[in-house]
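S.K.: Here's a structure for you.
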Amino acid sequence: MPELPEVEVICRGLVPNLVGRTITAAIFSHQKMRLPLPAQQLSAWITGRKIKAVRRVAKFIVLDMDSSACLVVHLGMTGRLNFFPAGTAPAKHDHARWLLDNGLELRFHDTRRFGSIQVLAPGENPAEVFGELGPDPFRPEFNADYLAGQARGRALPVKNLLMDNRVVTGIGNIYASEILHVSGVNPATPAGHLSLQQWQKIVTNSRLILKAAIACGGTTISDYVNSRGEKGYFQTRLQVYGREGEACPICQKPIKKVRLGGRASYYCPGCQPEPDERKIVKKRR
DNA sequence: ACTGGATCCTGACTGC
DNA sequence: TGCAGTCAGGATCCAG
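Everything in the first sequence is counted per this note's numbering, starting at 23 for the first residue and increasing by one.
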């Protein structure tokens, strides 16, 4: 389940085999994806074009083409992008294959088909493809004042706020739990209850944890692999996620699991005390 | 306006 | 052994 660090690691791994290469042909499965495949735009702007750069936007992988269009891939939960020698037999759930002029083909494999393939045409508004995106956690705009402003007057659990792409991009279920644990904030705390100090901790720890996860090659819970098919190893450094009943590495209290917004959320009742009942300061409009 | 729940999907796992 | 049910979660839609 790729979040920001996994997507970043995949992007970096794609660069050596993609930048400067030309996509000579493309083959797609007829399986229905979350979003319909933009067949016309793919043939008009992507196939036959050279790849100028590979970059990450939120959890999207973006290939900048010399046509000034972008190929935009989202991995959803189980998506993978891997290279194979051209002509290798396709596997089940290979939904797209782009043949390159270096004898390789780039494949998009997605078991659950929650991922997407889109084209950002030249001149098109990026919001059409990316949607409404908040700042990247590594940008200076992502700071305590900004988060406090976003949270003011809101009763939404802080964990759900952190997972909202319109507030901040790239933080998913695993890292939200980890960031809040290190910050000593209970995930169920209404976002509007947090102090500026707590937001500052969350900002600092978000960057620390995401950076550390990138350095570890990401987190592999079940099926994530990078573009070379290698697993990450940050899962060995997770302190609470997936560790219900185990001792908290900081205070030794057993880690608890709750469901917030339909998502499994892990926390330590010792390090992250239950939220109090203070009234929320109402948002000014 | 805001929030929580349902939905999409397949495979791994559990319990009977 | 085989079947049914549950769970996993990113993004989006919808109802209250």
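Glycine included, C-beta positions come from ideal geometry on N, C-alpha and C. No experiment lies behind these values; they were computed from the predicted model shown.
(1) Among Arg229, Gly109 and Gly206, which residue has its Cα nearest to the Cα of Gln220?
(2) Comparing alpha-carbon positions, which option in Ile193, Val180, Asn124 and Arg119 lies nearest Leu155?
(3) Let me make sure I understand the geometry here. Which of Lys54, Thr46 and Arg77 has the alpha-carbon closest to that of Trp67?
(4) Could you work out which residue in Gly125, Gln62, Leu40 and Arg134 is closest to Arg56 when comparing CA atoms only?
(5) Taking 9 angstroms as the threshold (C-beta atoms), are Leu97 and Pro209 in contact?
(6) Rounded to the nearest angstrom, what separates Leu282 and Val225 at their Cα positions?
(7) Should Ser51 and Arg71 be called a contact, given that it needs their Cβ atoms to be closer than 9 angstroms?
(8) Cutting at 6 angstroms between CB atoms, please list the residues of its own chain near Asn195, excluding the five before and the five after it.
(9) Would you mind sorting Gly254 into buried or exposed? The rule is 16 or more other CB atoms within 10 Å of its CB.
(10) Using three-state DSSP, classify Gln166 as helix, strand or coil.
(11) With Glu30 as the anchor, note down where its alpha helix (DSSP H) starts and where it stops.
(12) With a threshold of 8 angstroms, are at least 3 pairs of Cβ atoms found where one atom belongs to the stretch 139 to 149 and the other to the stretch 107 to 115?
(13) So, is Arg306 buried or exposed, given that buried needs 16 or more other C-beta atoms within 10 angstroms?
(14) Per DSSP, His96 is paired with what?
(15) In whole angstroms, what is the alpha-carbon distance linking Ala234 and Gly251?
(16) Alpha carbon to alpha carbon, how far is Arg119 from Ala48?
(17) Taking the C-alpha atoms as reference points, what is the distance between Gly35 and Ile236?
M.R.: For this structure:
(1) Position 198 of the first sequence, counting from 1, holds the residue named residue 220. Checked all of Arg229, Gly109 and Gly206; the closest Cα to Gln220 is Gly206.
(2) Residue numbering aside, residue 155 sits at position 133 when the first sequence is read from its first letter. It is Ile193.
(3) In the first sequence, counting from the first residue as 1, residue 67 sits at position 45. Comparing Cα positions, the closest option is Thr46.
(4) Residue mapping note: residue 56 aligns to position 34 of the first sequence, counting from 1. Comparing Cα-Cα distances from Arg56 to each of Gly125, Gln62, Leu40 and Arg134, the minimum goes to Arg134.
(5) Locating residue 209 in the first sequence gives position 187, counting from the first residue. Locating residue 97 in the first sequence gives position 75, counting from the first residue. No, the Cβ-Cβ distance between Pro209 and Leu97 is not below 9 angstroms.
(6) Your numbering for residue 282 matches position 260 in the first sequence. Your numbering for residue 225 matches position 203 in the first sequence. When rounded, the distance between both Cα atoms is 21 angstroms.
(7) To locate residue 51, count along the first sequence from 1; it is residue 29. To locate residue 71, count along the first sequence from 1; it is residue 49. No, these two residues do not count as a Cβ contact at 9 angstroms.
(8) Stepping through the first sequence from its first residue, residue 195 is reached at position 173. Closer than 6 angstroms at the Cβ level, and outside the excluded window around Asn195, lie Arg285.
(9) Here residue 254 refers to the residue found at position 232 when the first sequence is read from its first residue. With 16 or more Cβ atoms within 10 Å of its Cβ, Gly254 is classed as buried.
(10) As a first step, residue 166 is located in the first sequence; it is residue number 144 there, counting from the start. The sequence as given places Ala at residue 166; Gln does not occur at that position. In this structure, Ala166 counts as helix in the three-state DSSP scheme.
(11) Here residue 30 refers to the residue found at position 8 when the first sequence is read from its first residue. Unbroken alpha helix (DSSP H) run through Glu30: Leu26 to Leu40.
(12) No, because fewer than three Cβ pairs between the stretch 139 to 149 and the stretch 107 to 115 fall closer than 8 angstroms, the two stretches do not touch.
(13) In the first sequence, the residue the question calls residue 306 occupies position 284. Bear in mind that a pLDDT of 40 at Arg306, under 50, signals an unreliable position, so the model cannot answer this.
(14) Position 74 of the first sequence, counted from the first residue, corresponds to residue 96. The partner list for His96 (beta bridge, DSSP) reads Phe82 and Ser138.
(15) As a first step, residue 234 is located in the first sequence; it is residue number 212 there, counting from the start. As a first step, residue 251 is located in the first sequence; it is residue number 229 there, counting from the start. Each residue's alpha carbon lies about 20 angstroms from the other.
(16) Mapped onto the first sequence, residue 119 falls at position 97. Mapped onto the first sequence, residue 48 falls at position 26. Rounded to the nearest angstrom, the two C-alpha atoms are 6 angstroms apart.
(17) Working through the first sequence from its first residue, we reach residue 35 at position 13. Working through the first sequence from its first residue, we reach residue 236 at position 214. Going from the Cα of Gly35 to the Cα of Ile236 covers about 12 angstroms.
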